[in-house]
Structure formats: structure tokens, C-alpha cells
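Visitor: Attaching a single structure in C-alpha cells format; questions to follow.
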């Protein structure tokens with residue numbers, strides 16, 4: 080979608096203010112002026128303006144109280160090499176293997192720093208390809224599809240050139256050596272993308288579980304407490320439907336809490352597949368990069384109180 084088409088869509092659906100806001104965010108994050116604005120304003124003020132435009136309140140990063148403020152504080156005022164380990168999609172596999180065991184990891188088919196070496200002819204009929212130093216980027220190859228190898232290689236090379244953490248001050252991405260990882264393509268009992276269970280672990284204890292629906296179109300989410308009581312608040316995305324408690328919730332919480340040992344906060348993403356198989360997704364140091372707007376706002380400060 081072109082920038083002009085995107086702007087017209089925002090204007091048509093939401094009015095004038097969201098278009099101004101989107102332009103402002105692009106200036107802050109994605110324009111050639113971004114590095115200069117950071118130098119002029121300073122990293123902290125630049126981040127506070129960005130957070131205000133997303134959250135609707137002026138954040139206190141030096142003395143944080145809310146969940147998002149504490150993520151921002153983590154970004155600017157901490158140095159933790161373990162964050163880079165767990166955010167690295169390749170190195171985290173060894174971290175999980177040591178803590179839990181390799182049986183919960185998705186099958187790994189290939190890892191490389193050279194996309195042209197990917198052995199497409201020797202891969203299974205379906206798989207996913209993703210960069211190890213980024214979040215939210217993936218190529219999905221489904222069964223009965225013929226992958227466009229040159230397009231995939233081109234996309235992988237674009238990923239490898241990208242410095243993912245710099246625009247949002249996520250320093251833990253900067254020390255990750257970029258690689259391309261080819262893994263198992265996960266499916267649920269309907270042969271669709273399985274539900275993503277995101278466990279918010281504070282000081283080794285699960286406090287909330289976020290469930291994401293249709294992440295690649297019309298994204299929705301629903302929060303539950305650790306007793307699987309659905310909550311009527313959300314963060315960033317619209318409120319999703321309620322669902323039954325997963326078959327192996329207790330075991331998933333055990334895994335999340337074991338992986339979360341030693342962190343004041345970490346988010347652990349897990350899947351439950353057919354037959355009760357639990358599969359590790361990822362570990363996240365700064366969900367939504369500290370700009371995930373809670374509705375209502377009070378929940379932002381509740382989550383912060385657990386931290």
C-alpha cells in the first residue's frame with residue numbers, strides 16, 4: 080500500500096487527527112530526521128514524546144510507576160546481556176533447552192547468515208523463515224505452495240541489513256548477530272495458526288495471560304488472570320472473544336515461571352497444539368516497546384505494580 084493510499088484510508092475511516100498523529104509518529108521514528116531529532120531533544124525526551132502520542136499521558140521514565148514507563152526505564156537505564164540472549168531467536172533455543180528441555184522447542188530445519196544457502200529443495204513441505212534479531216517478521220510457506228525462492232532470499236537479505244532495535248531504543252537487539260532461522264510451521268486442530276498464549280511473568284510468577292487472535296488480520300486480544308478468569312480490558316488491540324481454558328494451562332504456567340526465574344519482568348509466549356503438545360514461541364523483554372496503550376489506563380499502572 081502506497082503512503083498516499085494509506086493516508087487516504089486513515090482520513091476516510093478515522094478523520095483528520097489520526098492522520099496528523101501518524102505523520103508525527105513517522106517523523107519521530109521512520110524519517111531521515113529521526114536521528115537528528117534524538118540528538119536535539121535527547122533520547123529521553125524523544126522517547127517521552129513518542130510515548131505520549133501513543134499512551135495519552137506524559138510518562139515518568141526516571142521514577143516509573145506504570146508498566147509502559149518501566150519498559151521505557153529498562154530501555155534507557157539498564158544494561159543486561161541476558162536480554163540479548165533471550166531476544167535472539169537462535170540463542171534463546173539453548174537457553175530454553177537448559178531450563179526446560181529441547182522437547183518444547185519448534186523443530187529447527189536450518190540456520191544461516193547467508194540466505195542463498197537455504198536448501199529449499201531439502202526442506203519439508205511447509206515451514207517458517209524468520210530473522211533472529213527482529214520481532215514480528217516472518218515468511219510462512221504453506222503446504223502445497225511453491226516458494227518464490229528469489230523473493231524469499233531478497234526479503235532475508237533486507238532483514239539482515241536492518242538494525243532493528245535502534246529506532247525504539249531497544250538496545251538488546253543491537254548485540255544480536257543477524258541470522259536467518261528456518262523452523263517448523265505450527266498448526267492447531269483446524270490446521271490454522273494456533274492461539275498464542277503470552278504469559279506476563281513478574282518476579283517469577285505469572286500474573287496475567289494474553290491470548291492473541293488473528294494476528295495477521297483484524298488482530299484482537301483478551302487477557303485472563305492466572306485462574307483463567309477473563310478480563311474486560313485490553314492493550315492496543317480490540318477486545319477479543321473469551322475461550323475455554325487450555326488443556327495444559329498449569330503446565331504452561333510452570334514452564335513460563337521456570338523460564339522467568341531471575342527476571343523482574345519477562346513475557347513468555349507458548350503454544351498448545353494437538354494432543355496437548357506445548358511449544359515455545361519467544362521471550363519478550365519490552366512488549367510493544369513501552370507504547371502499548373491499555374484501555375482503561377488504570378491497568379497500565381496495575382501491571383506496573385507487579386513489577
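Residue numbers (this note's numbering): 80 to 386.
We treat Cβ as the ideally placed atom computed from N, Cα and C, and that holds for glycine.
Taking three-plus beta-carbon pairs below 8 Å as touching, is the stretch 176 to 183 in contact with the stretch 151 to 163?
Guide: Touching, no, given that fewer than three Cβ pairs across the two stretches are closer than 8 Å.
Visitor: Leaving out the 5 sequence neighbours to the left and right, which residues in its chain are closer than 6 Å to residue 267 when beta-carbon positions are compared?
Guide: Position 188 of the chain shown, counted from the start, is the residue given in the question as residue 267. These residues qualify, in order along the chain: 273.
Visitor: State the start and end residues of the unbroken alpha helix (DSSP H) segment that holds residue 160.
Guide: Position 81 of the chain shown holds residue 160. It spans 160 to 166 - the alpha helix (DSSP H) in which residue 160 sits, taken as one unbroken run.
Visitor: Taking 8 Å as the cut-off, decide whether the C-beta atoms of residue 346 and residue 299 are in contact.
Guide: What you label residue 346 is simply residue 267 of the chain shown in a count that begins at 1. What you label residue 299 is simply residue 220 of the chain shown in a count that begins at 1. Cβ atoms of residue 346 and residue 299: not closer than 8 Å.
Visitor: Pick out whichever of 241, 249, 199 has its Cα sitting closest to the Cα of residue 227.
Guide: By one-based count along the chain shown, residue 227 stands at place 148. For residue 227, the closest C-alpha among the options 241, 249, 199 is that of 199.
Visitor: Here's a check: name, in chain order, each residue in its chain whose Cβ is nearer than 6 Å to the Cβ of residue 167, leaving out the five neighbours to either side.
Guide: As a working mapping, residue 167 is identified with position 88 in the chain shown. If we look at residue 167 and ignore the five residues flanking it on each side, its Cβ neighbours are 211, 255.
Visitor: Just verifying my parser: in three-state terms, what is the DSSP assignment at residue 390?
Guide: Given that the chain is displayed from residue 80 to residue 386, the structure contains no residue 390 and the question cannot be resolved.
Visitor: Where residue 275 and residue 229 are concerned, what is the direct C-alpha to C-alpha distance, given to the nearest angstrom?
Guide: Residue numbering aside, residue 275 sits at position 196 when the chain shown is read from its first letter. Residue numbering aside, residue 229 sits at position 150 when the chain shown is read from its first letter. When rounded, the distance between both Cα atoms is 30 Å.
Visitor: Does DSSP classify residue 218 as helix, strand or coil?
Guide: Residue 218 sits at position 139 when you count from the first residue of the chain shown. Residue 218: strand per DSSP, three-state reduction.
Visitor: Buried or exposed: residue 262, going by 16 or more other Cβ atoms within 10 Å of its Cβ?
Guide: Counted from its first residue, the chain shown places residue 262 at position 183. Looking at its Cβ environment, which holds 16 or more other Cβ atoms inside 10 Å, residue 262 is buried.
Visitor: May I ask you to check if the CB of residue 323 is nearer than 7 Å to at least one heavy atom of the ligand FAD?
Guide: In terms of ligand content, the structure shown is empty, and the ligand FAD therefore cannot be addressed.
Visitor: Please give me, in chain order, every unbroken run of the alpha helix (DSSP H) with length at least 4 that falls completely inside the stretch 197 to 259.
Guide: 228 to 240
Visitor: How many whole angstroms separate the CB atoms of residue 365 and residue 209, which I take to be in contact at a CB cut-off of 8 Å?
Guide: For the purposes of this step, residue 365 is taken as the residue at position 286 of the chain shown. For the purposes of this step, residue 209 is taken as the residue at position 130 of the chain shown. Not confirmed; about 19 Å, so no contact.
Visitor: Between the stretch 192 to 206 and the stretch 243 to 255, are three or more C-beta pairs nearer than 8 Å?
Guide: no
Visitor: Using the three-state DSSP reduction, which class does residue 267 fall into: helix, strand or coil?
Guide: Position 188 of the chain shown, counted from the start, is the residue given in the question as residue 267. It is coil, neither helix nor strand.
Visitor: Whose C-alpha, out of 152, 132, 194, is nearest the C-alpha of residue 315?
Guide: Walking along the chain shown from the start, residue 315 turns up at place 236. For residue 315, the closest alpha carbon among the candidates 152, 132, 194 is that of 132.
Visitor: In this structure, does DSSP put residue 304 in helix, strand or coil?
Guide: Numbered from 1 along the chain shown, position 225 holds the residue referred to as residue 304. Correct three-state label for residue 304: strand.
Visitor: So for residue 288, helix, strand or coil by DSSP?
Guide: In the chain shown, residue 288 corresponds to position 209, counting from 1. In this structure, residue 288 counts as strand in the three-state DSSP scheme.
Visitor: What residue range is occupied by the uninterrupted beta strand (DSSP E) comprising residue 187?
Guide: Indexing the chain shown from 1 puts residue 187 at position 108. Its beta strand (DSSP E) spans residues 187 to 191.
Visitor: Here's the rule: buried if 16 or more other CB atoms are within 10 angstroms of the residue's CB, otherwise exposed. What is residue 152?
Guide: Here the question's residue 152 lines up with position 73 in the chain shown. Looking at its Cβ environment, which holds 16 or more other Cβ atoms inside 10 Å, residue 152 is buried.
Visitor: Taking only three categories from DSSP, how would you classify residue 279?
Guide: Residue mapping note: residue 279 aligns to position 200 of the chain shown, counting from 1. Of the three classes helix, strand and coil, the one that applies to residue 279 here is strand, per DSSP.
Visitor: So, do the stretch 371 to 386 and the stretch 319 to 326 have three or more beta carbon pairs nearer to each other than 8 Å?
Guide: Too few Cβ pairs lie closer than 8 Å, so no.
Visitor: Would you report the Cα separation of residue 122 and residue 129, rounded to the nearest angstrom?
Guide: The residue you call residue 122 lines up with position 43 of the chain shown. The residue you call residue 129 lines up with position 50 of the chain shown. Approximately 11 Å, taken between the alpha carbons.
Visitor: Confirm, please, whether the CB-CB distance from residue 374 to residue 390 is below 8 Å.
Guide: Nothing can be reported for residue 390, as the shown portion of the chain is limited to 80 through 386.
Visitor: Residue 124 by DSSP, collapsed to three states: which one?
Guide: Residue numbering aside, residue 124 sits at position 45 when the chain shown is read from its first letter. Reduced to three states, the DSSP call for residue 124 is helix.
Visitor: How many Å lie between residue 348 and residue 306 at the Cα?
Guide: For the purposes of this step, residue 348 is taken as residue 269 along the chain shown, with counting starting at 1. For the purposes of this step, residue 306 is taken as residue 227 along the chain shown, with counting starting at 1. Their backbone Cα atoms lie some 18 Å apart in a straight line.
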